[in-house]
């Protein structure tokens, strides 16, 4: 959504087929569309984007300058890359070949103050400071990898919150160091099982990238179940 006009919307969609036994990402139906009437009607806005079949597409408007729109496109025939529009999507130019795995990541986050600075979510978070021409590692010290979402404080752009496979992390020094936020029950479990322990059975689970854990389902402790009751 254009921050100056809520009727101006941009949408990226990609054609796909996803089943337990098959995953097809991309097709002729993928692309970027624009609406100037709050979503009542849409027009394609693909001038300058790859003309071949496209897969997953990331798109973001620069809060610093809404004339600038960035997109990261997964495309066939080696045309994947990072594109920029400086005229609200009327045309696009390819800035680089930068692209991330469309089946798992594909999120970009522009800086709220600097229109040329963009963060790209991936296994290791990357950042561009020249409008997408080049990217470098942003910094993962004391932080889990596999990045999916980022919030940048518009009043202090060195302050950010990051959501990754390891949970929520916060930085106050522009990604140089990160602090983990442990008080949120958001661990991702793939499988949960129980045993036959009496009087209270134990619960076990395998997590995303963070070992297997076990702990009691109930306790006689008046304080309830605490962290020390759990084991890895």
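Residue numbers (my numbering): 826 to 1057. Think of the CB as a built atom: it goes at the ideal place given N, C-alpha and C, for glycine as much as any other residue. Just so you know, these numbers come straight off a predicted model, no measurement behind them.
{"Item": "Bounding residues of the beta strand (DSSP E) (the contiguous stretch that carries residue 896)", "Value": "894 to 900"}
{"Item": "Cβ-Cβ distance between residue 998 and residue 971 below 8 Å", "Value": "no"}
{"Item": "Cα-Cα separation, residue 1038 to residue 1046", "Value": "20 Å"}
{"Item": "Distance between residue 899 and residue 880 (C-alpha atoms, nearest Å)", "Value": "5 Å"}
{"Item": "Terminal residues of the beta strand (DSSP E) in which residue 953 lies", "Value": "951 to 953"}
{"Item": "Proximity below 8 Å, CB of residue 921 to CB of residue 957", "Value": "yes"}
{"Item": "Backbone secondary structure at residue 827 - three-state DSSP", "Value": "strand"}
{"Item": "Contacting residues, own chain, Cβ-Cβ under 8 Å from residue 1055 (five flanking each side not counted)", "Value": "1038, 1039, 1040"}
{"Item": "Residue 934, buried or exposed, once every other Cβ within 10 Å from all chains shown has been counted against 16", "Value": "buried"}
{"Item": "Whole-Å CB distance - residue 857 paired with residue 914, under 8 Å assumed", "Value": "7 Å"}
{"Item": "Whole-angstrom C-beta distance between residue 889 and residue 955, which should lie under 8 Å", "Value": "That pair is no contact at about 14 Å."}
{"Item": "Cβ-based neighbour list, residue 937, same chain, cut-off 7 Å, excluding 5 preceding and 5 following", "Value": "888, 889, 977, 979, 982"}
{"Item": "Where residue 985 falls, given that 16 or more other Cβ within 10 Å makes a residue buried", "Value": "buried"}
{"Item": "Which listed residue (1057, 909, 917, 882) has its alpha carbon closest to that of residue 1028", "Value": "1057"}
{"Item": "Extent of the continuous beta strand (DSSP E) to which residue 836 belongs", "Value": "834 to 838"}
{"Item": "Span separating the alpha-carbon of residue 1004 from that of residue 947", "Value": "19 Å"}
{"Item": "Residue 929: first and last residue of the uninterrupted beta strand (DSSP E) it sits in", "Value": "Run containing residue 929: none; DSSP gives neither H nor E here."}
{"Item": "Exposure label - residue 905; buried when at least 16 CB within 10 Å", "Value": "buried"}
{"Item": "Nearest-angstrom Cα separation, counted from residue 837 out to residue 866", "Value": "15 Å"}
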